[in-house]
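Asks:
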Amino acid sequence: MVSSHAGLVLLVFCSTCSFALIKVSESESEKEKTVIHEKEEEEKQASLPKAQSLPASADDSSRDGSKKLPEYLIVPVSTDHKGDLKPERGARKIPSWLRKVLLGMPPTLSSDEGATNKSKLVEIRCHMDKIYVRIRKEVLKSQDAYKYLTLGSCPVNHADKDYYYLLQSLKTDCGFKVQSLPDYLSIRIFLHYKPAGPVLREMPFDILLQCKYYRLFYSYKVSIHPKLQGGTVYRVLQPNSSFTISPLDASGNKIFGQKMYNLGDPMHFEASGDDRTNYEEKRMYITKCFVTASQDPYSHPRYTVINNQGCMIDSKTSVQSKFLIGGSKMVQKFSVGAFVFQQRAPTISEQQFYLHCEIIVGPSTPTPSLKACNYDRAIGKWKELYEAPNNIISSYSWKVDFKGHCQ
């Protein structure tokens, strides 16, 4: 009993399997579908092959109660409604075509979907990359028949006591005609017999042979077991908090778009983070910043303005370069004196730059590895932006006379 409703149906499709239109005897080593032709007149009267189906009788069920299903069914593209299998919320009625699929009922094939002939005078076996054709010697009376028998333009290349064989790769220039159709890939070629001589004791013939490689199958027995292979997959990690660097004007307002500076002018910037993380008792630190002429942070030339875990090293060169106190310790403002790269200065009148920074959130109290230091030219030392208050009180100096003690 098949339920009339389903939330999701999973089918396995095979689009790379080969199937030969022409019926051929199956050897024990290779079970491939082929088709037999004898004469063009007999080919016209060939009947359609029966697809594997499941009768509705109780005998069709196995002893354990499960239903017998074919290994696969060939499916015309016109009857494959993949859009009906799109997942949707809730339940819906199973379409009639899908019920037939689940029950293993074969689709209806048109009259040109195949031709069979129970005679085995001429046989063809279709492979993915080659074609095997054999014809019984009893069909041809001449002892030299192999000289006049060709597959397209390719001659017989093997024989035994019963058959002539024409074994050819599909890549050879024998005259294969390839046609791509919606339901299958068709490969056709003629088997020619053209005896020579001033008189004929056998009639020449041309038999059209065809291999069909169908595109769609419904597979009921999955025989492919993929092997997992190890490897490394790289993924860009999204941090818990994101930061932005914005240019500011002299009044501290954000600048949108590009800004033109003159050499030596202070360029103001502000680094800030979003509000997704609780930043209580935290502080933002800029550990490194450098400038490039390309948007690529790994490009050259480059000029470093902040380094050594938070030192404004450019402040030793320009008085315009320094950390500035902002309204919050989670907002770090700073300025850099405008400059250009010397090696490009003689060739262009203006240069475009990009600022790249490494930003870390750490404790509110600075440490040797997390800080914001400017170089104080007056004392020749580095000073932290939020320098810790000095609670030590110093007395006046005094002198000690030790000369009289030595006399």
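FYI, in mature numbering (1 follows the signal peptide of the UniProt record, and there is no 0) the residues of the sequence shown are -20 to -1, 1 to 387. Ideal placement from N, C-alpha and C gives every residue a C-beta, glycine not left out.
In whole angstroms, what separates the C-alpha of Glu250 from that of Lys262?
Replies: Annotation: Glu250 to Lys262 spans about 17 angstroms, alpha carbon to alpha carbon.
Asks: In this structure, how does DSSP classify Ser322 when only helix, strand and coil are distinguished?
Replies: Residue identity differs from the one stated: residue 322 is Gln in this sequence, not Ser. Residue state, collapsed to three classes: helix.
Asks: Leu129 to Thr59, Cα distance in whole Å?
Replies: 41 angstroms
Asks: Rounded to whole angstroms, what is the Cα-Cα separation between residue 388 and Pro162?
Replies: A query on residue 388 cannot be resolved here, the shown segment of the chain reaching from -20 to 387 and no further.
Asks: Using a 10 Å radius around the Cβ and a threshold of 16 neighbouring Cβ atoms, would you call Ser9 buried or exposed?
Replies: Residue confidence is low: Ser9 scores 36 on pLDDT, short of 50, so the model does not pin down where it sits. Its coordinate-derived value is still stated next. By the 16-neighbour rule on beta-carbons within 10 angstroms, Ser9 is exposed.
Asks: Could you name the residues of the same chain whose beta carbon sits closer than 6 angstroms to that of Tyr334, not counting the 5 residues immediately before and after it, in chain order?
Replies: Thr272 and Gln275
Asks: Less than 7 angstroms between C-beta atoms, sequence neighbours within five positions excluded: which residues of the same chain meet that for Ala176?
Replies: Tyr128
Asks: I'd like the span of the alpha helix (DSSP H) that includes Val81, first residue to last.
Replies: Ser76 to Leu82
Asks: Can you look up Gly306 in the DSSP assignment and give me helix, strand or coil?
Replies: coil
Asks: Between the alpha carbons of Gly232 and Gly307, how many angstroms are there, rounded?
Replies: 11 angstroms
Asks: Cβ atoms of Val320 and Leu243: under 8 angstroms apart, would you say?
Replies: yes
Asks: Please determine, among Lys117, Tyr198, Met310 and Leu101, the residue with the shortest C-alpha to C-alpha distance to Ile225.
Replies: Met310
Asks: Hey, out of Ile187, Tyr126 and Pro281, whose CA is closest to Tyr144's CA?
Replies: Nearest Cα to Tyr144 within the set Ile187, Tyr126 and Pro281: Tyr126.
Asks: Hey, how far is the Cα of Ser375 from the Cα of Met292?
Replies: Going by the C-alpha atoms only, they are around 35 angstroms apart.
Asks: Note down the Cα distance separating Ala71 from Gly253, rounded to an integer number of angstroms.
Replies: C-alpha separation (whole angstroms): 46 angstroms.
Asks: Using the three-state DSSP reduction, which class does Glu260 fall into: helix, strand or coil?
Replies: coil
Asks: For Cys353 and Asp229, what's the separation of their Cα atoms in angstroms?
Replies: Near 22 angstroms, if we compare the C-alpha coordinates of Asp229 and Cys353.
Asks: I'd like the ranges of any alpha helix (DSSP H) spanning at least 4 consecutive residues and lying wholly in the region 154 to 193.
Replies: none
Asks: List the whole-angstrom C-beta distance separating Lys110 from Leu150, where the pair is believed to meet the contact cut-off of C-beta under 8 angstroms.
Replies: 6 angstroms
Asks: Spell out a yes or no on whether the region 188 to 203 and the region 46 to 55 are touching, meaning 3 or more CB-CB pairs, one atom from each, closer than 8 angstroms.
Replies: Taking a cut-off of 8 angstroms for Cβ pairs, the region 188 to 203 and the region 46 to 55 touch, as three or more such pairs fall below it.
Asks: Going by DSSP in three states, Ile293 sits in which element: helix, strand or coil?
Replies: helix
Asks: Which one or two residues does DSSP pair with Val271 in a beta bridge?
Replies: Tyr283 and Leu335
Asks: In three-state terms, what does DSSP make of Tyr376?
Replies: coil
Asks: Is the distance from the Cβ of Gln332 to the Cβ of Arg324 below 8 angstroms?
Replies: no
Asks: Could you say which of Gln190, Cys154 and Cys134 lies nearest to Ser160 if we only look at CA atoms?
Replies: Gln190
Asks: How big is the Cα-Cα spacing for Lys121 and Glu51?
Replies: The alpha-carbon atoms of Lys121 and Glu51 are separated by roughly 42 angstroms.
Asks: Cα separation between Gly94 and Arg168?
Replies: With a pLDDT of only 42 at Gly94, under the threshold of 50, the placement of this residue in the model should not be trusted, and no figure is reported.
Asks: Out of Asp294, Ala139, Gln300 and Leu131, point me to the one whose CA is closest to Asp153's CA.
Replies: Leu131
Asks: Is it buried or exposed for Leu171, if we count other Cβ within 10 angstroms and need 16 for buried?
Replies: buried
Asks: Among Asp294, Tyr283, Ser76 and Val136, whose alpha-carbon lies nearest the alpha-carbon of His336?
Replies: Tyr283
Asks: With a threshold of 16 other CB atoms inside 10 Å of the CB of Ser329, please say whether the residue is buried or exposed.
Replies: exposed
Asks: Looking at C-alpha atoms only, which residue of Lys351, Lys62, Lys73 and Gly84 is the closest neighbour of Ile305?
Replies: Lys351
Asks: Only counting the same chain, and skipping five residues up and downstream in sequence, which positions put a Cβ closer than 7 angstroms to that of Gly155?
Replies: Gly132, Ser133 and Ile169
Asks: State the start and end residues of the unbroken beta strand (DSSP E) segment that holds Glu364.
Replies: Where Glu364 is concerned, the enclosing beta strand (DSSP E) starts and stops at Lys361 to Glu364.
Asks: Apply the 10 Å Cβ neighbour rule to His280 and answer buried if 16 or more other Cβ atoms are within range, or exposed otherwise.
Replies: exposed
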